[in-house]
Amino acid sequence: RRGEVLIGGPSVSLGYFVDPENPDPEMEKKNKEDWVVLSDGIRYFRSGDIGQIKPNGTLQIIDRKKDLWKGPNGEYVALTKVEAAMKMCPYVEIAMCYGK
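For the sequence shown, our numbering gives the first residue as 116, with consecutive numbering after it.
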């Protein structure tokens, strides 16, 4: 099963620094997007990586979330890899994939 890699535990940052005297709205927004507390009560950092646990228990990083498209069945597809495979065909000069 693939999904976004979350990093949690007591040593994980509480977020990006926001100066209470001069709060930056962009940093406040980033704090809300990049950190999450799950039902286990632990605060997690959203790494932006898509990974999977291999049968031997190790984590394999697949790609960056922003570079992937999530299909209707929940599977992540690296469109750049699809484009690269398409360009291997001698009849294709330029390839572009668009996920919707």
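Built from N, CA and C at the ideal position, the CB exists for glycine as well.
From a predicted model like this one, the values you see are computed outputs, not experimental measurements.
Quiz item: Closest to Gly163 by CA distance: which of Val197, Pro187 and Ile177 is it?
Solution: Ile177
Self-check item: Nearest residue (CA-CA) to Ser154, options Gly123, Glu143 and Tyr131
Solution: Gly123
Exercise. Throw me the rounded Cβ distance for the Ile165 and Leu183 pair, which I believe falls under 8 Å.
Key: 6 Å
Quiz item: On the premise that Tyr191 lies in contact with Arg117, defined as a C-beta separation below 8 Å, what is that separation, rounded to the nearest angstrom?
Solution: 6 Å
Practice problem: Tell me where the beta strand (DSSP E) around Val197 begins and ends. | Solution: No beta strand (DSSP E) contains Val197, which is instead part of the alpha helix (DSSP H) from Leu194 to Lys202.
Practice problem: Quick one: which unbroken alpha helix (DSSP H) runs of 4-plus residues sit fully inside the stretch 136-199? Chain order, please. | Solution: 140-149
Practice problem: Helix, strand or coil for Val120, going by three-state DSSP, please let me know. | Solution: strand
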